[in-house]
Each structure stands twice: as structure tokens, then as C-alpha cells.
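Colleague: Before I ask anything, let me first share the structure, which is written out below as C-alpha cells.
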Amino acid sequence: MIITNVENVPGKSIEEHFGIVQGSTVRAKHVGRDLMASLKNLVGGELKGYTELLNEARQESLARMQEQAEGLGANAVINVRFATSSVAQGASELFAYGTAVRLESE
Amino acid sequence: MKDFFMNNSDLVIFMVLIVVGYVSGAIAEKRHYASIKKREQEMVELPVVTIRNVHSDSDVQESGLVMGSAVISIDYFKRFLAELRNLFGGRVRSYESLVDRARREAILRMKQEAQRKHADLIINFRLETSAIGKSANRKRHIGSVEALAYGTAVSLRNG
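These protein sequence lines are chains A and B, in that order.
Letter by letter, the first sequence follows residues 89 to 194 in the numbering used here.
Letter by letter, the second sequence follows residues 290 to 448 in the numbering used here.
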């Protein structure tokens with residue numbers, strides 16, 4: 089499945105539009121990571137645990153979006169956008185949405 | 290002397306944290322900037338643009354989403370400085386370097402992913418920043434910042 093954040097897939101033409109597909113996940117980090125993070129808050133620098141966590145979560149929401157697109161019979165998702173919001177203390181929601189399309193086969 | 294430390298343990302702990310924060314924060318920042326500059330030099334060949342159509346469609350071989358992110362935290366000393374700044378207002382330098390580091394690191398990671406895909410350029414590049422962690426819901430308290438960089442990596446046909 090091809091994913092892009094432009095209005096088309098460069099070099100390919102679009103046969104059919106299926107409308108919006110979306111995927112989201114809410115994640116909280118576990119206590120150990122949180123403790124490490126608050127230690128890191130003293131000395132500064134990259135919070136690797138958080139970076140990893142957010143990356144995993146974002147991949148998960150992308151995967152859910154792709155699943156939905158596949159269910160519609162699409163083979164590409166265009167114009168993908170990301171949004172992040174913190175729903176509660178220590179938990180954040182990662183959200184990905186885009187337009188599912190079917191590309192013309194060459 | 291000993292009595293002084295015993296009676297003012299709060300103050301002593303605070304001073305220790307400030308010093309630890311200052312020293313380790315300064316070292317970490319210096320090291321990070323050195324590594325950022327080095328990698329930026331290495332990847333200067335891969336152009337990143339915010340526009341969408343820089344090439345004709347027939348030249349494109351492959352395209353796909355790439356992204357990179359980084360969460361960077363501020364140190365205790367700088368947080369203290371920033372809180373002082375909140376009293377007087379004005380430019381908060383200590384946060385500027387924090388956000389700058391997060392963004393540049395995110396861009397570098399995105400470029401690395403694009404390089405693994407053998408892309409020639411990245412189009413429609415976007416940057417997003419958000420506050421992360423316990424302090425995310427509190428207005429005046431920003432502890433760590435996440436920068437997310439994403440775009441569409443495009444590889445062109447040769448010749």
C-alpha cells in the first residue's frame with residue numbers, strides 16, 4: 089500500500105476515491121519509563137523512551153488506517169495528516185487520517 | 290557547617306539540582322548540536338521542499354510517506370531560568386534551543402528514513418510540534434517537546 093501526504097501519488101493516476109479513512113490509538117507509558125523520563129527531566133536531553141513510544145503508536149495508527157483502506161478495496165492512501173492530543177495526564181492520542189483511493193494499474 | 294546543611298536541606302537539594310542540571314544540560318546540548326551539524330552536512334544532498342510539484346509526473350519511479358520524530362527534554366537549570374523569565378517577559382532563549390534541537394533532530398531522522406528508501410527528494414514536507422508528558426496539560430509548564438517531521442519521499446527515474 090502506498091501512502092503519501094500529497095494530493096496524488098506522483099507518477100500514478102487515480103481511478104477511484106473512497107473517502108476518508110482514519111486510525112487512532114491512545115497510549116500511556118509505563119511507570120518505569122515515566123520514572124526514567126522524570127530523571128531525564130533534570131538533566132535534559134532526548135527522552136528515548138518517549139520517542140520510541142510515540143513512534144510505535146504512530147505506526148499503529150497508520151496500520152489501522154491502512155487496514156480500513158484495505159477493507160474498502162483501496163490500494164493507496166493520499167493526503168495523510170497526523171494529529172496528536174493529550175487526552176489525560178500521561179496519555180496521548182495519536183491520530184492519522186487520509187483519503188483512500190484506488191490507483192490505475194499500469 | 291554541618292548544621293547549616295541540615296537546617297537548609299531544601300535549599301541544598303535545590304542548589305545541587307541546579308548545578309547538575311546546568312552541567313549535564315550544557316554538555317548534552319553541546320554534544321547534540323555537534324552531532325546535528327555533522328549529520329546535516331552529510332545529508333545536505335537530499336533536498337526537502339514544502340511544495341508539492343517539483344518534477345513532472347512521468348519522472349517519478351516511486352513515492353511513499355516518510356517521517357521522523359524526537360522528544361527532547363529541558364534540564365532543571367533552564368526550566369528555572371524560564372520560570373524567572375515568566376516574571377519579566379521577553380525572549381526565552383533556553384526554550385528556543387530546546388525546540389530547535391527537537392525539530393532538527395526530527396528532520397534528520399526523516400531524511401535517514403528517506404535515504405534508506407533511496408529517495409531523491411522529499412516533497413510536501415510538514416512539521417508539527419507538541420508538548421509531551423506530565424506537564425502537557427499545564428499551561429505554564431513545558432518540560433519536553435515532541436517534533437514530528439513528515440513528507441513524501443520521491444525517487445526519480447535515472448536519466
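Virtual Cβ for every residue (Gly too), placed ideally from N, Cα, C.
Return helix, strand or coil for A:Leu123, following the three-state DSSP convention.
Modeller: The sequence position of residue 123 of chain A within the first sequence is 35, counting from 1. A:Leu123 falls in the helix class under three-state DSSP.
Colleague: For the beta strand (DSSP E) containing B:Glu356, name the first residue and the last one.
Modeller: Locating residue 356 of chain B in the second sequence gives position 67, counting from the first residue. For clarity, residue 356 of chain B is Met in the given sequence; the question names Glu instead. Where B:Met356 is concerned, the enclosing beta strand (DSSP E) stretches over Val349 to Asp364.
Colleague: Measuring only between beta-carbons, confirm whether B:Gln350 sits less than 8 Å from chain A.
Modeller: For the purposes of this step, residue 350 of chain B is identified with residue 61 of the second sequence, where counting begins at 1. It does: the Cβ of B:Gln350 has a partner Cβ on chain A nearer than 8 Å.
Colleague: In this structure, does DSSP put B:Ala425 in helix, strand or coil?
Modeller: By one-based count along the second sequence, residue 425 of chain B stands at place 136. Caution applies to B:Ala425, whose pLDDT of 49 falls short of 50 and renders its modelled position unreliable; the value that the coordinates give is listed next. Three-state DSSP puts B:Ala425 in a helix.
Colleague: Any idea if B:His321 is buried or exposed, counting beta-carbon neighbours within 10 angstroms, 16 or more meaning buried?
Modeller: For the purposes of this step, residue 321 of chain B is taken as residue 32 along the second sequence, with counting starting at 1. B:His321 is buried by the Cβ-count criterion.
Colleague: Which residues in the same chain have their Cβ closer than 8 Å to the Cβ of B:Ala425, if we skip the five residues on either side of it in sequence?
Modeller: Against the second sequence, residue 425 of chain B aligns to sequence position 136. The predicted position of B:Ala425 is uncertain, since its pLDDT is 49 and thus under 50; a value taken from the coordinates is nonetheless stated next. Counting only Cβ-Cβ distances below 8 Å, and skipping sequence neighbours, we find Ser419.
Colleague: Mapping DSSP to helix, strand and coil, what is A:Ile102?
Modeller: Working through the first sequence from its first residue, we reach residue 102 of chain A at position 14. Residue state, collapsed to three classes: strand.
Colleague: For the putative contact between A:Met153 and A:Ala184, defined by C-beta atoms under 8 Å, what is the C-beta separation to the nearest angstrom?
Modeller: For the purposes of this step, residue 153 of chain A is identified with residue 65 of the first sequence, where counting begins at 1. For the purposes of this step, residue 184 of chain A is identified with residue 96 of the first sequence, where counting begins at 1. The Cβ separation is near 5 Å, so the contact holds.
Colleague: Tell me whether the beta-carbon of A:Arg169 lies closer than 8 Å to the beta-carbon of A:Ala145.
Modeller: Residue numbering aside, residue 169 of chain A sits at position 81 when the first sequence is read from its first letter. Residue numbering aside, residue 145 of chain A sits at position 57 when the first sequence is read from its first letter. Going by C-beta atoms, A:Arg169 is not nearer than 8 Å to A:Ala145.
Colleague: Can you find a C-beta in chain B that's less than 8 Å from the C-beta of A:Leu191?
Modeller: As a working note, residue 191 of chain A is residue 103 in the first sequence. Taking Cβ atoms only, chain B never reaches closer than 8 Å to A:Leu191, which makes this a no.
Colleague: Could you pull the start and end residues of the beta strand (DSSP E) that A:Asn167 belongs to?
Modeller: Within the first sequence, residue 167 of chain A is the residue found at index 79, counting from 1. Unbroken beta strand (DSSP E) run through A:Asn167: Ala164 to Ala176.
Colleague: Roughly how many angstroms separate the alpha carbons of B:Asp299 and B:Val309, rounded to a whole number?
Modeller: If you number the second sequence from 1, residue 299 of chain B lands on position 10. If you number the second sequence from 1, residue 309 of chain B lands on position 20. Whole-angstrom Cα-Cα distance: 15 Å.
Colleague: Thinking just about the alpha-carbon of each residue, which of A:Thr113, A:Lys100 and A:Gln147 is nearest to the one in A:Ala179?
Modeller: Here the question's residue 179 of chain A lines up with position 91 in the first sequence. For A:Ala179, the nearest C-alpha among the options comes from A:Thr113.
Colleague: Can at least three beta-carbon pairs, one atom from the stretch 365-380 of chain B and one from the stretch 392-411 of chain B, be found at a separation below 8 Å?
Modeller: No, they do not touch.
Colleague: To which residues of the same chain is B:Val301 closer than 6 Å at the C-beta, ignoring the five residues directly before and after it?
Modeller: For the purposes of this step, residue 301 of chain B is identified with residue 12 of the second sequence, where counting begins at 1. The answer, listed in chain order, is Phe294.
Colleague: In chain A, which residues lie less than 8 Å from B:Asp409 when you measure between Cβ atoms?
Modeller: On the second sequence, position 120 is the one that residue 409 of chain B refers to. Those do not exist, as B:Asp409 stays about 11 Å from chain A at its closest Cβ, beyond 8 Å.
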